[in-house]
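**Q** As numbered in the working numbering, the sequence shown has no gaps in its residue numbers, which increase by one up to the final residue, 338.
Take a look at the following structure, please.
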Amino acid sequence: MSELNSIALKILSDGKGILAADESTATMTKRLESVSVSSTPENRLLFRKTLFSSKSMSSCIGGVILYDETIKQKISNNKNVPELLNSVNSIPGIKVDTGAKVLANSLNEKITEGLDGLRDRLKEYYKLGARFTKWRGVYNITKEYPSKLAIHSNAHSLARYSALVQECNMVPIVEPEVLMDGKHSAQDCLLKTSEVIKKCFEELILHKIDLTGIILKPNMIWAGSGSDKKIDSNEVAKLTIECLKNSVPSEVPGIAFLSGGQSEIEATQNLNLINKENTTNFIMSYSYGRALQQSALKHWSKNINDVEGTQNIFNHRAKMNTLAAQGKWSKELEN
Ligand code: 5MM
Numbered sequence: 004m005s006e007l008n009s010i011a012l013k014i015l016s017d018g019k020g021i022l023a024a025d026e027s028t029a030t031m032t033k034r035l036e037s038v039s040v041s042s043t044p045e046n047r048l049l050f051r052k053t054l055f056s057s058k059s060m061s062s063c064i065g066g067v068i069l070y071d072e073t074i075k076q077k078i079s080n081n082k083n084v085p086e087l088l089n090s091v092n093s094i095p096g097i098k099v100d101t102g103a104k105v106l107a108n109s110l111n112e113k114i115t116e117g118l119d120g121l122r123d124r125l126k127e128y129y130k131l132g133a134r135f136t137k138w139r140g141v142y143n144i145t146k147e148y149p150s151k152l153a154i155h156s157n158a159h160s161l162a163r164y165s166a167l168v169q170e171c172n173m174v175p176i177v178e179p180e181v182l183m184d185g186k187h188s189a190q191d192c193l194l195k196t197s198e199v200i201k202k203c204f205e206e207l208i209l210h211k212i213d214l215t216g217i218i219l220k221p222n223m224i225w226a227g228s229g230s231d232k233k234i235d236s237n238e239v240a241k242l243t244i245e246c247l248k249n250s251v252p253s254e255v256p257g258i259a260f261l262s263g264g265q266s267e268i269e270a271t272q273n274l275n276l277i278n279k280e281n282t283t284n285f286i287m288s289y290s291y292g293r294a295l296q297q298s299a300l301k302h303w304s305k306n307i308n309d310v311e312g313t314q315n316i317f318n319h320r321a322k323m324n325t326l327a328a329q330g331k332w333s334k335e336l337e338n
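Shown next as structure tokens:
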């Protein structure tokens with residue numbers, strides 16, 4: 004087993020998943036201001052530190068994706084954030100893309116940037132303690148999109164990023180996110196997501212990526228948020244498995260879904276059904292941002308010093324998702 008494969012398996016072992024706490028300062032500011040907390044570096048660290056020192060970290064959260072600001076922040080004089088994560092048995096990871104920008108010659112679509120200078124930034128993050136990374140490409144579904152141009156160029160960037168990350172002995176999370184926004188049907192989502200993922204692997208293979216040392220972070224298959232033809236969780240699970248079975252090479256050790264705007268319970272329920280129905284050899288777990296943090300953030304915002312109350316809420320969601328990653332969750336457990 005390669006070192007990269009063992010890191011990927013460790014992150015996703017025994018129903019563990021990933022906490023995506025890599026909101027850029029702009030996104031974190033939106034999140035904090037939506038609950039009337041001012042977005043200072045101290046407050047951003049306080050909320051994150053509260054989650055990172057929760058009891059469920061060591062049993063549920065195999066890895067945390069950090070943002071550049073957070074990975075450099077100190078918890079105390081002699082402890083930084085990666086050291087805190089290591090002490091609770093969770094592997095520190097880092098978002099290394101610099102965001103999605105307008106794609107030249109297809110101005111309604113996005114291309115993710117961040118390749119310039121990446122090799123040197125990766126060395127710095129490795130020294131700071133990161134052992135895995137994340138890069139997210141985003142795609143919209145409409146009648147004409149995602150275009151071949153967006154599908155191809157984002158796949159190419161994801162592959163170049165992955166090659167540099169593996170060169171630096173870290174596991175790349177490959178995140179092609181087909182957005183939920185729009186009126187498209189679940190069938191459209193299935194078709195487009197399959198095309199996007201297949202192209203990503205075509206490029207990853209071309210760039211000689213060790214597929215046993217990556218984690219794929221895709222969306223599940225669902226109808227667009229504006230569609231009037233919503234599908235139920237059983238159908239989400241069935242179509243998601245069909246998509247991954249047909250587009251992901253069998254060497255890939257694990258898949259960690261994004262939550263993409265689902266409610267906390269939907270994200271847990273869908274993951275649970277995917278695992279109950281899973282006929283593949285892939286580990287199917289979670290890499291949730293909003294679906295792990297929303298309720299905890301709401302509670303914390305009422306009293307930012309209520310560490311225990313905030314942690315109780317986070318612990319519950321982490322446990323529910325870890326059960327779902329093993330197909331052992333049920334609605335009754337939510338009470
Ligand atoms: C946590 O949010 C991440 C960062 O977003 P920005 O770069 O826009 O600030 C985001 O990449 C996230 O990791 C994924 O989209 C999954 O998050 P959700 O909330 O969909 O699970």
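The beta carbon of each residue, even a glycine, is placed where N, CA and C say it ideally should be.
Measuring only the C-alpha atoms, how far is A321 from N81?
**A** 28 Å
**Q** Under the three-state reduction of DSSP, which class applies to T282: helix, strand or coil?
**A** Under the three-state reduction of DSSP output, T282 falls in the coil class, being neither helix nor strand.
**Q** Quick check: what's the CA-CA separation for M31 versus K113?
**A** 21 Å
**Q** Between L219 and the rest of its own chain, which residues show a CB-CB distance below 7 Å, the 5 nearest in sequence each way excluded?
**A** V177, V251, V255 and I258
**Q** Within the same chain, show all residues whose beta-carbon is closer than 6 Å to that of G132, passing over the 5 residues directly before and after it, in chain order.
**A** P85 and P95, listed in sequence order.
**Q** Alpha carbons only, please: which of E6, W332, T325 and E267 is nearest the one belonging to L300?
**A** E267
**Q** By how many angstroms is the C-alpha of N89 removed from the C-alpha of N324?
**A** Rounded to the nearest angstrom, the two C-alpha atoms are 21 Å apart.
**Q** Could you check if R122 is buried or exposed, using at least 16 other CB atoms within 10 Å of its CB as the buried criterion?
**A** exposed
**Q** Give me the residue from Y148, C171 and R139 with the minimum Cα distance to L161.
**A** R139
**Q** Does the beta-carbon distance from A240 to K202 come in below 8 Å?
**A** No, the pair does not count as a contact, with Cβ atoms beyond the cut-off.
**Q** Per DSSP, what kind of secondary structure is G132 in: helix, strand or coil?
**A** Correct three-state label for G132: coil.
**Q** Please report the straight-line C-alpha distance between Q395 and N284, rounded to a whole angstrom.
**A** Given that the chain is displayed from residue 4 to residue 338, the structure contains no residue 395 and the question cannot be resolved.
**Q** Just how far apart, CA to CA, sit R134 and N172?
**A** 7 Å
**Q** With distances taken Cα to Cα, identify the nearest neighbour of L194 among G263, V174, I154 and I217.
**A** The shortest C-alpha separation from L194 is found at I154.
**Q** Among S61, R47, K232 and M60, whose alpha-carbon lies nearest the alpha-carbon of I74?
**A** Closest in C-alpha terms to I74, from the list S61, R47, K232 and M60, comes R47.
**Q** Examine chain C for any beta-carbon lying closer than 8 Å to the beta-carbon of G257, and answer yes or no.
**A** Absence of chain C from the displayed structure is noted, only one protein chain being present.
**Q** Which residues does DSSP list as the beta-bridge partners of T115?
**A** According to DSSP, T115 bridges with A103.
**Q** Check this for me: beta carbons of N143 and M223, under 8 Å apart or not?
**A** no
**Q** Since V99 contacts K137 with CB under 8 Å, what's their CB separation in whole angstroms?
**A** 7 Å
**Q** Going by other Cβ atoms of all chains shown within 10 Å of its Cβ, with 16 needed for buried, is M340 buried or exposed?
**A** Nothing can be reported for residue 340, as the shown portion of the chain is limited to 4 through 338.
**Q** Assuming S57 and F260 form a contact by the criterion Cβ under 8 Å, report the distance between their Cβ atoms to the nearest whole angstrom.
**A** Incorrect: roughly 21 Å between the Cβ atoms, too far for contact.
**Q** Which class does Y339 belong to by DSSP, given the choice of helix, strand or coil?
**A** Residue numbering for the chain in the displayed model covers 4 to 338; residue 339 lies beyond these limits and cannot be assessed.
**Q** In terms of alpha-carbon separation, which member of S79, T53 and S262 lies closest to D309?
**A** T53
**Q** Taking C-beta to C-beta, are L35 and S42 nearer than 8 Å?
**A** By the CB criterion at 8 Å, L35 and S42 fall inside the cutoff.
**Q** Per DSSP, I64 is paired with what?
**A** In the DSSP output, where bridge partners are listed per residue, I64 has G20.
**Q** For the alpha helix (DSSP H) containing A240, list its first residue and its last residue.
**A** S236 to S250
**Q** Taking only heavy atoms of the ligand 5MM into account, decide whether any of them is closer than 7 Å to the Cβ of Y142.
**A** no
**Q** In three-state terms, what does DSSP make of K98?
**A** strand
**Q** What does DSSP give as the partner residues of K137 in its beta bridges?
**A** K98 and I176
**Q** Rounding to the nearest angstrom, what Cα-Cα distance links G180 and P221 in this structure?
**A** A small fix is needed here, since residue 180 is Glu in this sequence, not Gly. The alpha-carbon atoms of E180 and P221 are separated by roughly 6 Å.
**Q** The alpha helix (DSSP H) that contains S39, what's its start and end?
**A** Neither: S39 is in no alpha helix (DSSP H) and is coded neither H nor E.
**Q** Per DSSP, what are the beta-bridge partners of F260 in this structure?
**A** Y289
**Q** Since S79 is in the beta strand (DSSP E), which residue starts that stretch and which ends it?
**A** K77 to S79
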